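Here the sequence shown is numbered in this note's numbering, starting from 187 and rising by one per residue. Glycine included, each C-beta is placed from N, C-alpha and C at the ideal position. Keep in mind the model is a prediction, meaning the values are calculated, not measured.
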Amino acid sequence: MTERYAMRSTESPQPEHQDRFMIFDLDARGHHPGYIQHLVKYWCENDLPGHLDVLVSQVFIQRHPHIVALADQRPNIRFVSISKSEQAKLVSSDDLGSSFKGRIIRAFQEWKIVRKYALSLGTTHIFLMYLDRVLLRMALGVKLPCAMSVIYFRPLLHYAVFPNYSLEGKEGFWQWRDRVCLARFLPLAKLQTVFCLDQFAVDYINQVYNTTKAVHLADPVQRYNHTDVEAEALRTQLGIEPGRSVFLMFGALENDRKGLKETLEAIEQLPPALCRRMTILLAGTITGEAREQLEARIAESDAIASDSGCDSVWLCSR
187 MTERYAMRST ESPQPEHQDR FMIFDLDARG HHPGYIQHLV KYWCENDLPG
237 HLDVLVSQVF IQRHPHIVAL ADQRPNIRFV SISKSEQAKL VSSDDLGSSF
287 KGRIIRAFQE WKIVRKYALS LGTTHIFLMY LDRVLLRMAL GVKLPCAMSV
337 IYFRPLLHYA VFPNYSLEGK EGFWQWRDRV CLARFLPLAK LQTVFCLDQF
387 AVDYINQVYN TTKAVHLADP VQRYNHTDVE AEALRTQLGI EPGRSVFLMF
437 GALENDRKGL KETLEAIEQL PPALCRRMTI LLAGTITGEA REQLEARIAE
487 SDAIASDSGC DSVWLCSR
């Protein structure tokens, strides 16, 4: 199926004098497929003009056929997968968190791929969904094949201006890297917009680099229409007492960036009356030793909370 999408998209006759947009993201994990789904659905629902190519990995096509199917009845939207050989050479997304060398190699690979397909497809505007991964490569000197906009997903460079901020781990290096790289990347004439989910980062970038290219982008949220009966059934299934407000933390639960340790410590400091009115629901993926450690920490937190008659943390994971 992946080859069919690739061949159909690159070999079909291309209409002339038509804007051709490309969404580029080779990661099939986490928020990445959700963002693509939101954009494709928005394009369909608003019947936008021009043509949209969505350049993804073969892994994406295999894991998310329901998203790919959104384009089935839309002749102006096509999912394009990279080739088998490109997929085989690509440093795995799962290995990037633990390999600095792997991240550098992946940055060069992604830029080579996006440039190749933009030229072959006749793209007029690239939307790079995850600038963070290729920022270093872009800063080393590139010639953009066409107009480009990007999402700068995880900016750190502005943290130092926050009161009482202290560096952790390698944050100082990453901040220095991003400051240097943005200074070289932002002036590119064909770069149109740098979207950020963090409004503070937008203000910092525009002020420090004397630009207006940074724009705040709200994190998309999917709305679901569930009946009150369904909601109550889920609360009962999870054992959540009536009347409690539920706060959801979700994602890769073993990731330190989630701040679970700090959240549990904060819960222990809350007044008992407030704890009895709330539940923290942890939902996501966690494995092996990390799960055991988290369950032990939750039990410890609940033991402290139970002295005042409240049991506030629930773990739902796979």
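Subject >> Reduced DSSP category for residue 315 - H, G, I as helix; E, B as strand; rest coil >> reply: coil
**OP:** Using beta-carbon positions only, say whether residue 376 and residue 346 come within less than 8 Å of one another.
**Re:** no
Original post:
Under a three-way DSSP split, which group does residue 402 fall into?
Top reply: strand
Original post:
Among 312, 314, 319, 216, which one has its Cα closest to the Cα of residue 292?
Top reply: 319
**OP:** Compute the Euclidean distance between the alpha carbons of residue 431 and residue 464, then round it to the nearest angstrom.
**Re:** 5 Å
**OP:** Under 6 Å Cβ to Cβ from residue 365, same chain only, skipping five residues before and after it: list those, please.
**Re:** 343
Subject >> Distance between residue 324 and residue 330 (C-alpha atoms, nearest Å) >> reply: Rounded to whole angstroms, residue 330 to residue 324 spans 9 Å at the Cα level.
Original post:
What are the boundary residues of the beta strand (DSSP E) that residue 225 is part of?
Top reply: Element bounds for residue 225: not the beta strand (DSSP E) but the alpha helix (DSSP H), 217-231.
**OP:** Just tell me which of 336, 307, 297 has its CA closest to the CA of residue 326.
**Re:** 297
Subject >> Start and end residues, alpha helix (DSSP H) containing residue 544 >> reply: In this structure the chain extends from 187 to 504, so residue 544 is not present and cannot be described.
**OP:** Rounded to whole angstroms, what's the CA-CA distance from residue 412 to residue 419? Just pull it up for me.
**Re:** 11 Å
Original post:
Taking all protein chains shown into account, do 16 or more other C-beta atoms lie within 10 angstroms of the C-beta of residue 486, making it buried, or fewer, making it exposed?
Top reply: exposed
Subject >> Element boundaries [alpha helix (DSSP H), containing residue 303] >> reply: 286-307
Subject >> Under 8 Å between C-beta atoms of residue 367 and residue 322 >> reply: yes
Original post:
My guess is that residue 506 and residue 313 are in contact by the Cβ rule of under 8 Å, so how many angstroms apart are they, rounded?
Top reply: With the chain represented from 187 up to 504, any question about residue 506 goes unanswered, as that position is not in the structure.
**OP:** Taking only the alpha-carbon atoms, compute the straight-line gap between residue 134 and residue 446 and give it to the nearest angstrom.
**Re:** The requested residue 134 is not part of the displayed model; the chain covers only 187 to 504.
Subject >> Coil, strand or helix - residue 279 by DSSP >> reply: Three-state result, residue 279: helix.
Original post:
Under the three-state reduction of DSSP, which class applies to residue 273: helix, strand or coil?
Top reply: helix
Original post:
By how many angstroms is the C-alpha of residue 311 removed from the C-alpha of residue 397?
Top reply: 20 Å
**OP:** Just list the alpha helix (DSSP H) runs in the stretch 356-386, keeping only unbroken ones of 4 residues or longer that don't cross its boundaries, in chain order.
**Re:** 357-371
Subject >> Counted within 10 angstroms of its Cβ, other Cβ atoms place residue 204 as buried (16 or more) or exposed >> reply: By the 10 Å Cβ count, residue 204 comes out exposed.
Original post:
What number of angstroms, rounded off, separates the C-alpha of residue 478 from the C-alpha of residue 470?
Top reply: 15 Å
Original post:
Are the beta-carbon atoms belonging to residue 440 and residue 476 less than 8 Å from one another?
Top reply: yes
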